[in-house]
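A quick write-up on the structure given underneath.
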Amino acid sequence: MKTLGELAHLVGGTLKGDPQTPIRGINALENARPDELSFLTPKHYSQRKDFRCRAAALVVPPSLEHLDYPLLIVDNPLAIFARIAQLFATPPFLAPGIHTTAHIGENVRLEPGVSVGPLAHIGSGSQIAQGCRIYGGVYLGCDVQIGEGSLIYPRVTILDGCQIGNRVIIHSGTVIGSDGFGFAQDELGRHIKIPQMGTVHIDDDVEIGANCTIDRGAFGKTTIQEGTKIDNMVHIAHNVVVGKHCILVAQVGISGSTRLGHHVIMGGQVGVVDHIEIGNRVRVGAKSGVARSVKDGEDISGIPAVPHKEWLRMCASARRLPHFRDELRQMKERIERLEKALQGSEDD
Amino acid sequence: MKTLGELAHLVGGTLKGDPQTPIRGINALENARPDELSFLTPKHYSQRKDFRCRAAALVVPPSLEHLDYPLLIVDNPLAIFARIAQLFATPPFLAPGIHTTAHIGENVRLEPGVSVGPLAHIGSGSQIAQGCRIYGGVYLGCDVQIGEGSLIYPRVTILDGCQIGNRVIIHSGTVIGSDGFGFAQDELGRHIKIPQMGTVHIDDDVEIGANCTIDRGAFGKTTIQEGTKIDNMVHIAHNVVVGKHCILVAQVGISGSTRLGHHVIMGGQVGVVDHIEIGNRVRVGAKSGVARSVKDGEDISGIPAVPHKEWLRMCASARRLPHFRDELRQMKERIERLEKALQGSEDD
Amino acid sequence: MKTLGELAHLVGGTLKGDPQTPIRGINALENARPDELSFLTPKHYSQRKDFRCRAAALVVPPSLEHLDYPLLIVDNPLAIFARIAQLFATPPFLAPGIHTTAHIGENVRLEPGVSVGPLAHIGSGSQIAQGCRIYGGVYLGCDVQIGEGSLIYPRVTILDGCQIGNRVIIHSGTVIGSDGFGFAQDELGRHIKIPQMGTVHIDDDVEIGANCTIDRGAFGKTTIQEGTKIDNMVHIAHNVVVGKHCILVAQVGISGSTRLGHHVIMGGQVGVVDHIEIGNRVRVGAKSGVARSVKDGEDISGIPAVPHKEWLRMCASARRLPHFRDELRQMKERIERLEKALQGSEDD
Chain P
508 MKTLGELAHL VGGTLKGDPQ TPIRGINALE NARPDELSFL TPKHYSQRKD FRCRAAALVV
568 PPSLEHLDYP LLIVDNPLAI FARIAQLFAT PPFLAPGIHT TAHIGENVRL EPGVSVGPLA
628 HIGSGSQIAQ GCRIYGGVYL GCDVQIGEGS LIYPRVTILD GCQIGNRVII HSGTVIGSDG
688 FGFAQDELGR HIKIPQMGTV HIDDDVEIGA NCTIDRGAFG KTTIQEGTKI DNMVHIAHNV
748 VVGKHCILVA QVGISGSTRL GHHVIMGGQV GVVDHIEIGN RVRVGAKSGV ARSVKDGEDI
808 SGIPAVPHKE WLRMCASARR LPHFRDELRQ MKERIERLEK ALQGSEDD
Chain D
508 MKTLGELAHL VGGTLKGDPQ TPIRGINALE NARPDELSFL TPKHYSQRKD FRCRAAALVV
568 PPSLEHLDYP LLIVDNPLAI FARIAQLFAT PPFLAPGIHT TAHIGENVRL EPGVSVGPLA
628 HIGSGSQIAQ GCRIYGGVYL GCDVQIGEGS LIYPRVTILD GCQIGNRVII HSGTVIGSDG
688 FGFAQDELGR HIKIPQMGTV HIDDDVEIGA NCTIDRGAFG KTTIQEGTKI DNMVHIAHNV
748 VVGKHCILVA QVGISGSTRL GHHVIMGGQV GVVDHIEIGN RVRVGAKSGV ARSVKDGEDI
808 SGIPAVPHKE WLRMCASARR LPHFRDELRQ MKERIERLEK ALQGSEDD
Chain E
508 MKTLGELAHL VGGTLKGDPQ TPIRGINALE NARPDELSFL TPKHYSQRKD FRCRAAALVV
568 PPSLEHLDYP LLIVDNPLAI FARIAQLFAT PPFLAPGIHT TAHIGENVRL EPGVSVGPLA
628 HIGSGSQIAQ GCRIYGGVYL GCDVQIGEGS LIYPRVTILD GCQIGNRVII HSGTVIGSDG
688 FGFAQDELGR HIKIPQMGTV HIDDDVEIGA NCTIDRGAFG KTTIQEGTKI DNMVHIAHNV
748 VVGKHCILVA QVGISGSTRL GHHVIMGGQV GVVDHIEIGN RVRVGAKSGV ARSVKDGEDI
808 SGIPAVPHKE WLRMCASARR LPHFRDELRQ MKERIERLEK ALQGSEDD
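Laid out in structure tokens, this is it:
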């Protein structure tokens, strides 16, 4: 439990209301109870000015400071709300210590405060830093390293030699360190496996969704840099580098050796070819297919992807295509009539 | 073993043939043995009128009642065939009772007739209703509830607090209750996790394929309603509502807070943006990208999706595009000639 | 350790350099150490003629035999390099024998040299041929058969009755033998499950990536033929046949009963409808949607897919679409002026 005053102090906001109000949780506007904090955006407010709620107070931006309700006024309400929510959120239950049904290999180093759930597997030579939570059913191969305070959810698989940073979250079903897809062809068109001898590095504060796959490098490593957040079922091929603070929405696929800059955002189901460079702050519309390198700051969409504004115009024109066809035919007829008429007048 | 007469009685069909014929199974037309039932559709029949088979009898619609073969004549042969097949189908082997290598937490309630396979995990406080089959290697978190007669296949993960209805089938590798993908941005463009505090409700008679992901609500819940069938590798984001009796084919992705009505059908690899409403009985063509709300009963296709018939016309026109280009150039030349000719005649 | 001479002899190449040079591994050009072999393609060489490396020797094609460096000259350098790499690559660690925490069912046959890792599950009646490596956390159902020397990575699920050939590699998280997606509809639009009674056959030398799903046949079987290589998150529906030596890149989905010929190549995120035939040596561009059968040797792309060259022209024209619109308008105006002018001249 916190008081409203404590929270305002913690996040540096302006409080309108009783600082002694107890806050025991957070919730969505319509469900918040009298001891819970909620938040209101100008957009929400404009849609229902007569909003009714029972929340103890609302986190709002300065533009809503006139509301007749207990308020915590801050510049970036969603970010502040997220930070407060983190205070009240608790990770899923995991008993402290190493469960008796977990299998721990030889020469494993588990630092203080590490929890390992039932039926988990930690391969020989692995090192798990303090405060990590390795949930039940996790499979870590040999020589895996995990930094401080990371959360590895049930049934994650991290294969031999992969390195995970601090405060990383990896959701269930995700596979880190599977072989990259690399083959040579012989003279008969048969595929000869190129052994995948590299590894995967996941840097600090990365979050990876459920049922993703991140392949190890052919040589060298596949890298996900600091602060990047990856949704469910995203596929990252061998030797890809994803820069810092990127957002990859669900079902994205990035082909081998492609490099993403920092703060890149990709919508759901985007596909990217191999061996290209995506610049910093590039945004790619959902379902796009990126076939060429992209410069810093560009917004692109489509299959193949073109500048987003051009794609919007292309879509609008495409809907008029059947109409164009009719127009073309009509114009042709008019030209023919003109030609005949002119022929006639010249014949005069 | 059933007799043909028993089956005819059970499904309310008209029997042409010996009701004492023993039926020990069902099979495809070309493989059925003399003690197996098969089925024949008018389409199949029209393709090979000289069909040869050894089946004990065929389930057919009234339009095929003239065939000189033992027949079970019903209005909806495929549905009847499916019902009969269910009589003969047996779920994969699972020894009754709780396997000694399974890990069962505290305060777990297992009703009579529940089976739990080897190396499965059931977290504290979970309740499993009668007749459920929890296969080996399943991971259930804490406070999970599963209704009667549900089948949870090997290596399914259902995380804390999720609720599963009666007669639900969930296939291997699927993750229910992973965190939704919700982040706020701070002033430096770093992503701050919004804790995902909701849950997932799966209603009665839902089937979910292999390696799917269904995220928990940010607040509140993500819901899959009664009778909906989901294929493999489908991603359902936080707070989505999928209505009753929908069909979502493989690799579909539905973004956050979007609501699907009842009897919606989506082809494979469809993507749907967040916060929209898809009406009842909407059908979406494979690979489409749905970017706007859709009214009841509409058929849509394309990226972005438009009415299906319009999309067909757009595709046809698109193939003529390079030709349009030529036509445009030719017409321009003709116009130029006309302009010159007219200039000439006016100069006269 | 091998000598350069031994390797040259083994792969039948021409050696330029000291045959006694010890080779202890392989590596990428920029990272290779003095006891490692690397390779150089003409493309790489043309990009950086002043390449500097420390490798013991380079595998090159005859066109680079003039280089002043120890060389192993062969016709197909990448294939030869892959073969040599396989000599040095070792599969991830797995202790020989059956781990005490593995669960082995009744009547399981494990041939000599089979290793089974911690917390793995092998169902009753399964047969595992010699030299197979069943990693920790693998789940095999009942009556599963696996041929010689296959590698089943941690957390693979292979369900009852599926058959896997020799030297097959299956990566983590993949599910083999989940139910196909087959339903009949009743008069109320409810979906009635058609029990999926078939199985899956994976032939020799197939490799399947991480988090794939391969459904069992409705009746009969789903088949992946010899030498085919499948990337991560690929979905293969019931009763599909994938021919020999195909390449399916990540996130491809193949619908039910479709048949692929031999040496088919599909780019990432391709989708294929059900019940069609894809000929031998067909190549499908990334992200395409294949809606019709395709003849041997065709290259296709697009949604829906058309011949690849036509698709390239369509893409080029599509980018000019907004421009077409302007041109059409301008031409219309010119035609109108012509018509007025001609009207005027005729009025004269």
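Chains as they are written, first to last, in the working numbering: chain P, 508 to 855; chain D, 508 to 855; chain E, 508 to 855.
Glycine residues also receive a C-beta, built at the ideal position from the N, C-alpha and C atoms.
Distance from A515(D) to A539(D) at the Cβ level is roughly 17 Å; contact not present, criterion being Cβ atoms closer than 8 Å. Assignment of L666(D) by DSSP, reduced to helix, strand and coil, places it in the coil class. 9 Å or more divides the Cβ of G774(P) from the Cβ of G750(P). The beta-carbon distance between K736(E) and H782(P), rounded to whole angstroms, is 19 Å. This is too long to meet the 8 Å contact definition. Within the region 581-657 of chain D, the complete alpha helix (DSSP H) runs of at least 4 residues fall at 584-595. For E694(D), the chain P residues whose C-beta falls within less than 9 Å of its own C-beta are D582, N583 and A586, listed in chain order.
A Cβ of chain E is located within less than 9 Å of the beta carbon of Q776(P). Measuring C-alpha to C-alpha distances from V581(D) to each of T730(D), K523(D) and G716(D) identifies K523(D) as the nearest. The region 764-837 of chain P contains, as complete alpha helix (DSSP H) runs of 4+ residues, the segments 815-826 (chain order). Of the other Cβ atoms in all chains shown, fewer than 16 fall within 10 Å of the Cβ of A823(E); this residue is therefore exposed. With its beta carbon less than 9 Å from one in chain P, M740(E) belongs to the interface. In this structure, DSSP gives G760(E) an extended state, which the three-state scheme calls strand. In its chain, beyond the 5 residues on either side, T608, A609, G643 and G644 have a beta carbon closer than 7 Å to the beta carbon of L626(P). In this structure, I635(D) and R616(D) form a Cβ contact; the two beta carbons are roughly 7 Å apart against a cut-off of 8 Å.
For L767(P), none of the residues of chain E pass the 7 Å Cβ criterion, the least Cβ distance being about 16 Å.
By the Cβ test, the region 700-719 of chain D is in contact with the region 669-681 of chain D, since at least three Cβ pairs between them sit closer than 8 Å. Within chain E, not a single residue places a beta-carbon under 7 Å from that of C560(D); the smallest gap is close to 13 Å. Comparing alpha carbon positions, the residue from C639(D), G612(D), L585(D) and T765(D) closest to A602(D) is C639(D). Contacts between M704(E) and chain D, judged by CB atoms closer than 7 Å, involve A596 in chain order.
Rounded to whole angstroms, the separation of the alpha carbons of P568(D) and L579(D) is 8 Å. Counting along the chain, S553(E) sits inside the alpha helix (DSSP H) bounded by residues P549 to Q554. One alpha carbon belongs to R826(D), the other to K816(E), and they sit about 12 Å apart.
Taken through DSSP and simplified to helix, strand or coil, P529(D) comes out as strand. For L849(D), the nearest CB of chain P lies under 9 Å from its own CB, placing it at the interface with that chain.
Contact with chain D is absent for P661(E), since none of that chain's Cβ atoms lies less than 9 Å from the residue's Cβ. Around the CB of R590(D), 16 or more other CB atoms lie within 10 Å, so the residue is classed as buried.
In this structure D575(P) is exposed. Its beta-carbon is surrounded by fewer than 16 other beta-carbon atoms within 10 angstroms. V780(E) is positioned such that its CB atom lies no closer than 9 Å to that of G804(E). Taking 9 Å as the cut-off, the beta carbon of T548(D) is found no closer than this to the beta carbon of G680(P).
Looking at P702(D), V566(D), Q692(D) and P619(D), the one whose alpha-carbon comes closest to that of N534(D) is V566(D). Here the C-alpha atom of P584(E) lies approximately 14 Å from the C-alpha atom of Q593(E).
Look at M773(D): its C-beta is not under 9 Å from any C-beta on chain E. Within chain E, L835 and K839 have C-beta atoms less than 8 Å from the C-beta of E834(P), given in sequence order. Legend: CB atoms of the region 643-657 of chain E lying less than 7 Å from CB atoms of chain D belong to residues Y646, G648 and C649.
Linking I665(D) to V707(P) through their CA atoms gives a straight-line distance of about 27 Å. No Cβ of chain E is located within less than 9 Å of the beta carbon of E513(P).
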